[in-house]
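Undergrad:
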Amino acid sequence: MDLTGAKISQQLSEDYRRRRDAPSIVLPHQDAEYIRHIAIDIGGSLIKLVYFSPEEAADNGGDANGHRQNTGGKLHFVKFETARIDECIDFIEAKGLHRVSGAGAGSGDAPDGKVRVVATGGGAYKYADIFQERLGVLLEKADEMECAVAGCNFLLRAILHEAFTFEAGQAHFVSSNADSDLFPYLLVNIGSGVSMLKVTGEGQYARVSGSSLGGGTFWGLCRLLTKCRGFDEMLELSMRGDNAKVDMLVGDIYGERDYTSIGLSATTIASSFGKVVSQGKDLEDYDPADIAMALCRMVSYNIGHLAYLNAKRYGLPRVFFGGFFIRGHPYTMETISFAIRFWSKLDKGEMKAKFLRHEGFLGAVGAFLKVHPMTPPKESTTSAREPRKVRARFVERFSMGAPFAGGEVTGPAFSDVAEKVDWVEKFVRLGTAATQAARSEHDRAQAGLARASSGTEWSMGEPPSSPAGPRMNLHVGVLHYTPFREPFPLLAEPVTYTPDTLDIWGDRTEMDYWLGVLGAQIPTVVEKAMASEGATSGAQRRASAFGRALAAHLAKIRLEPGAYGQLGLSDLFGMREECLREFGFADVYRLDKDRENAAALAVLPDLLRELDALPARTRLTALVEGVLAANIFDWGAQACVDLYHNGTILEIYRQARTQLSRRPWRVDTFDALADCWFSRVPQGMDLDSGAAVPPAPFRRVIMFVDNAGADVVLGMVPLARELLRMGTDVVLVANSLPAINDITAPELRALLDAAGSLCPTIKAAREAALRAKRRNDGRIPAYPGLRSCVPSSGRLVDLSHGHGSPGFSTPPLGAADNGRASIDRSEAAGGSARTSGEGADGSVAASGPAARAAADGAGPAPAWLPAAGSAREARLYVCGNGQGSPCLDLRRVPDTLADATVGADLVVVEGMGRAIHTNYRTRFRCAVLKVAMIKNQHLAESLFGGNVYDCVCLFEPEG
1 MDLTGAKISQ QLSEDYRRRR DAPSIVLPHQ DAEYIRHIAI DIGGSLIKLV
51 YFSPEEAADN GGDANGHRQN TGGKLHFVKF ETARIDECID FIEAKGLHRV
101 SGAGAGSGDA PDGKVRVVAT GGGAYKYADI FQERLGVLLE KADEMECAVA
151 GCNFLLRAIL HEAFTFEAGQ AHFVSSNADS DLFPYLLVNI GSGVSMLKVT
201 GEGQYARVSG SSLGGGTFWG LCRLLTKCRG FDEMLELSMR GDNAKVDMLV
251 GDIYGERDYT SIGLSATTIA SSFGKVVSQG KDLEDYDPAD IAMALCRMVS
301 YNIGHLAYLN AKRYGLPRVF FGGFFIRGHP YTMETISFAI RFWSKLDKGE
351 MKAKFLRHEG FLGAVGAFLK VHPMTPPKES TTSAREPRKV RARFVERFSM
401 GAPFAGGEVT GPAFSDVAEK VDWVEKFVRL GTAATQAARS EHDRAQAGLA
451 RASSGTEWSM GEPPSSPAGP RMNLHVGVLH YTPFREPFPL LAEPVTYTPD
501 TLDIWGDRTE MDYWLGVLGA QIPTVVEKAM ASEGATSGAQ RRASAFGRAL
551 AAHLAKIRLE PGAYGQLGLS DLFGMREECL REFGFADVYR LDKDRENAAA
601 LAVLPDLLRE LDALPARTRL TALVEGVLAA NIFDWGAQAC VDLYHNGTIL
651 EIYRQARTQL SRRPWRVDTF DALADCWFSR VPQGMDLDSG AAVPPAPFRR
701 VIMFVDNAGA DVVLGMVPLA RELLRMGTDV VLVANSLPAI NDITAPELRA
751 LLDAAGSLCP TIKAAREAAL RAKRRNDGRI PAYPGLRSCV PSSGRLVDLS
801 HGHGSPGFST PPLGAADNGR ASIDRSEAAG GSARTSGEGA DGSVAASGPA
851 ARAAADGAGP APAWLPAAGS AREARLYVCG NGQGSPCLDL RRVPDTLADA
901 TVGADLVVVE GMGRAIHTNY RTRFRCAVLK VAMIKNQHLA ESLFGGNVYD
951 CVCLFEPEG
């Protein structure tokens with residue numbers, strides 16, 4: 001099963017419209033005929049279906065990774081009420097899911113052209129005959145508990161914010177970065193009944209307890225007592241109720257007083273429905289909402305209490321709750337959380353209940369993973385099983401429709417972007433009123449929460465008597481899965497790394513500010529989107545729909561910050577770009593980038609001649625000033641947009657260079673960079689001569705570039721060229737997909753071809769790089785003399801069972817070539833090579849120039865560095881970063897980029913989005929240079945106490 005580039009899609013497909021459920025996982029490189037089964041979890045109340053459908057692969061953004069681009073598909077998730085099983089069968093029949101076409105038809109795995117239907121849950125036995133009679137398929141039974149555990153392990157490893165706690169009406173997301181943060185745990189699966197599983201490792205579990213009082217109990221009693229028929233209707237009804245009108249509370253017994261000697265507040269339930277006994281009323285005299293709330297609390301308290309007792313009995317520090325009973329219902333989660341917290345505090349503990357966003361599909365996901373005949377890889381390491389390694393292959397995105405509407409989508413499924421535009425135009429008009437209603441509901445709920453807490457002792461966290469807030473939507477994301485992604489190997493602290501510099505999740509004021517910034521930029525982006533496609537009527541409608549959709553997303557996040565998980569600032573910026581692509585705009589700043597690239601290339605030769613005439617030390621200063629000055633060209637910053645309207649590119653660049661000649665800059669460690677830069681200058685070398693080029697202080701430099709035009713052409717390219725002249729390999733890393741005016745990897749390759757026609761150094765370095773890649777199967781090789789990385793596993797079953805290693809290894813240089821390593825000792829200076837050491841987490845600890853000779857010539861130069869004046873041919877590579885955002889998330893980069901870091905001893909991160917918004921506080925295993933001009937007054941003040949157009953030049957040496 002090839003899962004290259006897989007992702008979860010929340011497009012409004014026909015099945016999504018009919019069943020209004022969870023998103024689909026897209027597998028863009030999987031041959032459809034290779035998947036010949038679907039998975040069903042048939043419980044007593046609900047049927048959960050997971051199936052595959054083919055889909056054409058999307059362009060990978062020009063990474064040129066050599067991955068095949070064949071037909072792929074999606075894993076879809078839908079649900080039905082078990083009592084209406086005929087609807088499920090009708091759905092399968094209408095979709096043709098029980099038939100196989102192509103190479104799979106009639107094979108041994110799919111006799112008679114029928115797919116394998118793998119079923120778990122009690123209904124797999126009860127309804128087997130119906131499936132055979134209606135569809136002619138046999139249900140292959142899979143163990144229910146085993147599937148639930150496998151699905152839970154997979155989701156917790158794959159999704160950063162899959163689990164969360166819920167207290168006082170707020171979700172608090174938690175994540176596990178290592179297996180020690182995950183195992184052991186208690187899985188409480190709440191379906192019609194309740195099963196409690198002790199999970200101690202992969203495939204290591206035991207059912208330790210359960211209860212007959214579960215979701216079916218609530219559903220059945222609620223139907224009898226309230227006449228409601230649908231489960232969701234019952235949950236919504238309970239949110240309007242007050243259980244104190246039917247439940248007997250401690251205060252009812254003790255005259256509105258607490259029972260302080262045993263720690264019970266007056267609002268604690270003494271007896272569910274106990275107050276009914278003395279009221280002398282008939283059923284019709286009670287508000288159905290009060291009854292529904294009392295039933296919900298009765299069942300939830302019972303489950304929470306039993307869960308805590310079992311966790312305590314077996315010494316399990318974590319308790320996860322899954323199953324379709326919860327469904328994002330705030331009072332259910334609040335009540336279970338209170339029960340766990342209450343009993344834990346009595347034991348002087350701090351255990352908390354954890355809930356799952358994809359709670360209802362544990363068994364179905366596990367069944368799909370379990371039955372497919374995949375062979376585990378030959379090798380596996382403990383570090384490869386860590387959630388952060390698995391999670392590097394997944395990123396959650398949000399499409400318009402289901403995230404904002406909470407899955408309650410109606411109307412016909414659209415087949416193209418035009419129909420989506422129609423839907424958005426209608427939806428936004430209706431959605432405005434819906435948003436206001438939701439805001440009013442939210443405000444009322446919070447006011448009720450405040451009233452309930454006033455004058456009440458909350459030492460034990462007693463839940464309020466009013467609903468804790470609107471229902472949460474637990475199925476909000478689109479999970480993009482790409483197996484060939486890994487954590488950036490040069491991160492110093494990969495386990496705790498987070499890209500965002502500002503904590504907008506923990507600071508509501510900060511979140512509101514940046515939501516406002518994105519909202520204010522919508523008109524400019526809409527204008528650019530129209531212009532990028534000739535301002536046709538179709539482009540105008542799509543651009544307008546994009547603007548409405550993004551505004552709707554921002555309004556939802558402002559109203560309900562946790563609706564899309566724990567978003568960071570980089571996620572917000574990425575959401576804008578994803579939204580543009582969703583409405584068919586691949587590159588809205590294309591025309592601006594082409595124009596600015598051409599203008600900058602026209603003056604590049606003059607700039608290079610000017611730089612070459614400068615003394616070496618002055619030249620380095622001018623190069624860094626050029627990078628900072630050129631970084632002013634950013635269509636993502638309003639201050640720079642205003643400059644574009646008032647001057648030409650060259651005028652802006654020259655003015656910025658003049659202003660930057662005055663140091664110190666706002667953050668200025670340039671002198672430390674210069675000391676390292678000239679650390680290998682031999683005695684007698686005249687640095688005052690314009691022709692002097694000092695020997696290389698670094699063997700390979702990874703440079704993350706930012707904007708097209710002057711930024712890259714007049715800033716980063718001259719800096720890279722200087723390193724090439726010194727004999728250093730350079731890897732320029734650009735976006736794989738467009739984002740505002742950021743340059744992409746394909747554009748950068750074309751731009752360097754043009755620059756090569758103007759500069760022999762760039763041309764020779766590019767030609768050398770292409771020759772080296774051809775010798776290494778089209779991939780960037782490790783630095784000569786070092787080993788490249790071990791291939792990662794790209795199979796979903798490996799991720800669920802913890803196999804596959806994304807780490808690096810450095811076996812002895814005499815070891816057999818594994819087909820991916822490129823070991824060329826003849827290019828290693830001095831005839832010897834230095835291998836990088838492997839860290840405990842499997843990442844290469846790229847050794848920096850710690851042993852360089854000092855300027856006075858004391859001690860020999862390291863063998864892996866070219867000797868001064870040597871003729872080693874430096875190489876200029878280009879690589880995609882696997883992303884399409886103005887920010888940089890180093891939790892996941894392509895394996896081609898990870899390969900390229902072997903031997904790197906300097907990382908350069910340029911631009912406000914990559915070096916300030918993200919990664920400003922990130923530490924690396926090697927030396928790092930972070931350079932950017934700050935083009936936002938709020939950011940300048942909050943981080944540095946400075947002003948707009950202040951500059952950052954932060955060099956941090958190795959170690």
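With full-length UniProt numbering applied, the sequence shown covers 1 to 959. Beta carbons: idealized from backbone N, C-alpha and C, even for Gly.
(1) Might you give, ordered along the chain, the residues of its own chain that have their beta carbon closer than 6 Å to the beta carbon of G322, omitting 5 neighbours on each side?
(2) So does the region 583 to 601 actually touch the region 687 to 698, counting three or more Cβ pairs closer than 8 Å?
(3) Closer than 7 Å by C-beta to S725: which residues in its own chain qualify, once you throw out the five before and the five after it? Chain order, please.
(4) I want to know whether the region 125 to 144 touches the region 509 to 527 - three or more CB-CB distances under 8 Å.
(5) Check whether the Cβ atoms of F91 and A492 sit closer than 8 Å, and answer yes or no.
(6) Distance check for T82 and V117, CA to CA, integer angstroms please.
(7) In chain order, what are the residue ranges of uninterrupted alpha helix (DSSP H) at least 4 long that sit wholly in the region 259 to 314?
(8) Comparing C-alpha positions only, which one of L580, S942, A289 and L572 sits nearest to L737?
(9) With the cut-off set at 8 Å, would you say E722 and L623 are in Cβ contact?
(10) Could you round the C-beta distance between I47 and G123 to whole angstroms and report it? I think they count as a contact, below 8 Å.
(11) For E140, does the three-state DSSP call read helix, strand or coil?
(12) Would the beta-carbon of R752 fall within 8 Å of that of L876?
(13) Out of curiosity, what's the CA-to-CA distance linking W505 and I159?
(14) Is DSSP giving R774 helix, strand or coil here?
(15) Hey, F273 and A294 are a contact pair by Cβ (cut 8 Å); roughly how many whole angstroms apart?
(16) Which residue wins for smallest C-alpha separation from R157, given the options K198, V319 and V390?
(17) With a CB to CB cut of under 6 Å and the five nearest residues on each side skipped, what residues in its chain are close to G304?
(18) Determine which residues share a DSSP beta bridge with M703 and list them.
(19) Leaving out the 5 sequence neighbours to the left and right, which residues in its chain are closer than 6 Å to M511 when beta-carbon positions are compared?
(20) How many angstroms separate the CA atom of K763 from the CA atom of L608?
(21) Measure the Cβ-Cβ separation of G366 and G151 and say whether it is below 8 Å.
(22) Take V250 and list the residues in its own chain whose beta-carbon comes closer than 6 Å to its own, dropping the five residues that flank it on each side.
(23) Excluding the five sequence neighbours on either side, which residues of its own chain have a C-beta within less than 7 Å of the C-beta of S192, listed in chain order?
(24) With distances taken Cα to Cα, identify the nearest neighbour of L515 among L559, K930 and L888.
(25) Measuring CB to CB, does C951 end up less than 8 Å from L628?
(26) Let me know the secondary structure DSSP gives C759 once reduced to three states.
(27) Indicate the three-state DSSP secondary structure (helix, strand or coil) for M196 in the structure shown.
(28) Select from L687, D594, L890 and L906 the residue whose C-alpha is nearest the C-alpha of G913.
(29) Can you give me the C-alpha to C-alpha distance between Y314 and I557, rounded to a whole angstrom?
(30) Rounded to whole angstroms, what's the CA-CA distance from V681 to A616? Just pull it up for me.
(31) Please state whether the Cβ-Cβ distance between residue 961 and A927 is less than 8 Å.
(32) Quick one: complete alpha helix (DSSP H) runs, 4+ long, within the region 479 to 537?
(33) On the DSSP bridge list, what partners appear for F355?
(34) Taking the alpha helix (DSSP H) that A602 belongs to, which residues open and close that run?
(35) Near P957, what residues of its chain come up, given a Cβ to Cβ distance below 7 Å and the 5 sequence neighbours on each side ignored?
(36) Where does G884 land, buried or exposed, given buried means 16+ other C-beta within 10 angstroms?
TA: According to the structure data:
(1) To locate residue 322, count along the sequence shown from 1; it is residue 322. Excluding residues within five positions, the ones whose Cβ falls inside 6 Å are N189, L356, E359 and L362.
(2) no
(3) Locating residue 725 in the sequence shown gives position 725, counting from the first residue. First, the residue type needs correcting, since residue 725 is Arg and not Ser in the sequence shown. Cβ within range, chain order: V693 and T761.
(4) Not touching, per the Cβ criterion.
(5) As a first step, residue 91 is located in the sequence shown; it is residue number 91 there, counting from the start. As a first step, residue 492 is located in the sequence shown; it is residue number 492 there, counting from the start. Cβ distance not < 8 Å, so F91 and A492 don't count as in contact.
(6) As a position in the sequence shown, residue 117 is number 117, starting the count at 1. As a position in the sequence shown, residue 82 is number 82, starting the count at 1. Separation of V117 and T82 (C-alpha to C-alpha, rounded to the nearest whole angstrom) is 17 Å.
(7) 288 to 314
(8) Within the sequence shown, the letter at position 737 stands for residue 737. Comparing Cα positions, the closest option is L580.
(9) Indexing the sequence shown from 1 puts residue 722 at position 722. Indexing the sequence shown from 1 puts residue 623 at position 623. Yes, Cβ-Cβ distance for E722 and L623 is below 8 Å.
(10) Your numbering for residue 47 matches position 47 in the sequence shown. Your numbering for residue 123 matches position 123 in the sequence shown. Yes, I47 and G123 are in contact; Cβ-Cβ is about 7 Å, under 8 Å.
(11) The residue given as residue 140 occupies position 140 in the sequence shown. Look at E140 here: in three-state DSSP terms it is strand.
(12) By one-based count along the sequence shown, residue 752 stands at place 752. By one-based count along the sequence shown, residue 876 stands at place 876. Residue 752 is actually Leu in this sequence, not Arg. Taking the C-beta atoms as reference points, L876 is found nearer than 8 Å to L752.
(13) For the purposes of this step, residue 505 is taken as the residue at position 505 of the sequence shown. For the purposes of this step, residue 159 is taken as the residue at position 159 of the sequence shown. Rounded to whole angstroms, the separation of the alpha carbons of I159 and W505 is 18 Å.
(14) Taking the first residue of the sequence shown as 1, we reach residue 774 at position 774. Here R774 sits in helix by DSSP.
(15) Taking the first residue of the sequence shown as 1, we reach residue 273 at position 273. Taking the first residue of the sequence shown as 1, we reach residue 294 at position 294. Sure, about 6 Å apart at Cβ, within 8 Å.
(16) Taking the first residue of the sequence shown as position 1, residue 157 is located at position 157. For R157, the closest alpha carbon among the candidates K198, V319 and V390 is that of V390.
(17) Taking the sequence shown and counting its residues from 1, one reaches residue 304 at position 304. Taken in chain order, the residues that qualify are I336, A339 and I340.
(18) If you number the sequence shown from 1, residue 703 lands on position 703. Residue pairing from DSSP places M703 in a beta bridge opposite L732 and V908.
(19) As a working note, residue 511 is residue 511 in the sequence shown. Same-chain partners within the cutoff: I504.
(20) Sequence index remark: in the sequence shown, residue 763 carries index 763 (1-based). Sequence index remark: in the sequence shown, residue 608 carries index 608 (1-based). For K763 and L608, the distance between alpha carbons rounds to 14 Å.
(21) Here residue 366 refers to the residue found at position 366 of the sequence shown. Here residue 151 refers to the residue found at position 151 of the sequence shown. Yes. Within cutoff.
(22) Within the sequence shown, residue 250 is the residue found at index 250, counting from 1. Within the same chain, V250 has close Cβ partners Y259, L264, A266, T268 and A270.
(23) Taking the first residue of the sequence shown as position 1, residue 192 is located at position 192. Result list for S192: G43, G44, S45, G214, G215 and G216, in chain order.
(24) What you label residue 515 is simply residue 515 of the sequence shown in a count that begins at 1. Closest by alpha carbon: L559.
(25) Numbered from 1 along the sequence shown, position 951 holds the residue referred to as residue 951. Numbered from 1 along the sequence shown, position 628 holds the residue referred to as residue 628. Cβ distance < 8 Å, so C951 and L628 count as in contact.
(26) Along the sequence shown, one-based indexing puts residue 759 at 759. Three-state DSSP puts C759 in coil, outside helix and strand.
(27) Translated into the one-based positions of the sequence shown, residue 196 becomes position 196. M196: strand per DSSP, three-state reduction.
(28) As a first step, residue 913 is located in the sequence shown; it is residue number 913 there, counting from the start. The residue from L687, D594, L890 and L906 with its alpha-carbon nearest to that of G913 is L890.
(29) Counting from one through the sequence shown, the residue named residue 314 turns up at place 314. Counting from one through the sequence shown, the residue named residue 557 turns up at place 557. One C-alpha to the other measures close to 40 Å.
(30) Indexing the sequence shown from 1 puts residue 681 at position 681. Indexing the sequence shown from 1 puts residue 616 at position 616. Whole-angstrom Cα-Cα distance: 11 Å.
(31) Missing from the structure shown is residue 961; the chain here goes from 1 to 959 and no further.
(32) 508 to 532
(33) Start at 1 with the first residue of the sequence shown, and residue 355 comes out as number 355. According to DSSP, which records beta bridges pairwise, F355 is partnered with F164 and F321.
(34) In the sequence shown, counting from the first residue as 1, residue 602 sits at position 602. First-last of the alpha helix (DSSP H) with A602: R590 to D612.
(35) By 1-based counting over the sequence shown, the position of residue 957 is 957. The residues are A672, C676 and A927.
(36) In the sequence shown, residue 884 corresponds to position 884, counting from 1. With 16 or more other Cβ atoms from the protein chains shown falling within 10 Å of its own Cβ, G884 counts as buried.
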